[in-house]
Amino acid sequence: MPPSNRLFDDLARLMTDAAGAAQGVRREAETVVRAQLERVIRDLDIASREELDVLRDLVTGLQAQNEALASRVAALEARSGPAAAGTAGLSEAV
69 MPPSNRLFDD LARLMTDAAG AAQGVRREAE TVVRAQLERV IRDLDIASRE ELDVLRDLVT
129 GLQAQNEALA SRVAALEARS GPAAAGTAGL SEAV
């Protein structure tokens with residue numbers, strides 16, 4: 069029975085080689101697809117996470133500055149009294 073064992077050994081070797089080749093093709097396909105996706109995303113000009121974080125910090129700072137300015141305007145209007153309120157009404161009417 070040595071010839072049949074050799075046949076099975078050859079078939080097993082062939083299957084092993086085919087499986088290895090299939091894994092190589094799969095890895096190569098994954099690399100090509102990944103490269104294409106990265107190129108498409110880069111061409112879309114999508115903002116990165118770091119850019120979004122910087123923008124969020126900037127907006128937060130501007131909101132705080134806006135609130136501070138609003139309170140200053142309210143304080144100045146309160147100090148100026150009714151005379152400023154009358155002129156403010158005129159400027160709104162015009």
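Per the working numbering, the sequence shown starts with residue 69, numbered consecutively. Every residue, glycine too, gets a C-beta built ideally from N, C-alpha and C.
Inter-residue spacing [alpha-carbon to alpha-carbon] between residue i and residue j
i      : j      : result
Arg140 : Val122 : 27 Å
Arg107 : Ala146 : 58 Å
Ala143 : Thr128 : 23 Å
Asp113 : Arg95  : 27 Å
Glu118 : Arg110 : 15 Å
Val100 : Gln133 : 49 Å
Phe76  : Gly92  : 24 Å
Ala115 : Leu105 : 16 Å
Thr84  : Glu98  : 21 Å
Asp78  : Ala89  : 16 Å
Gly149 : Ala138 : 17 Å
Arg74  : Leu82  : 12 Å
Ala136 : Leu130 : 10 Å
Three-state class that DSSP yields for residue i in the structure shown
i      : result
Ile114 : coil
Gly149 : coil
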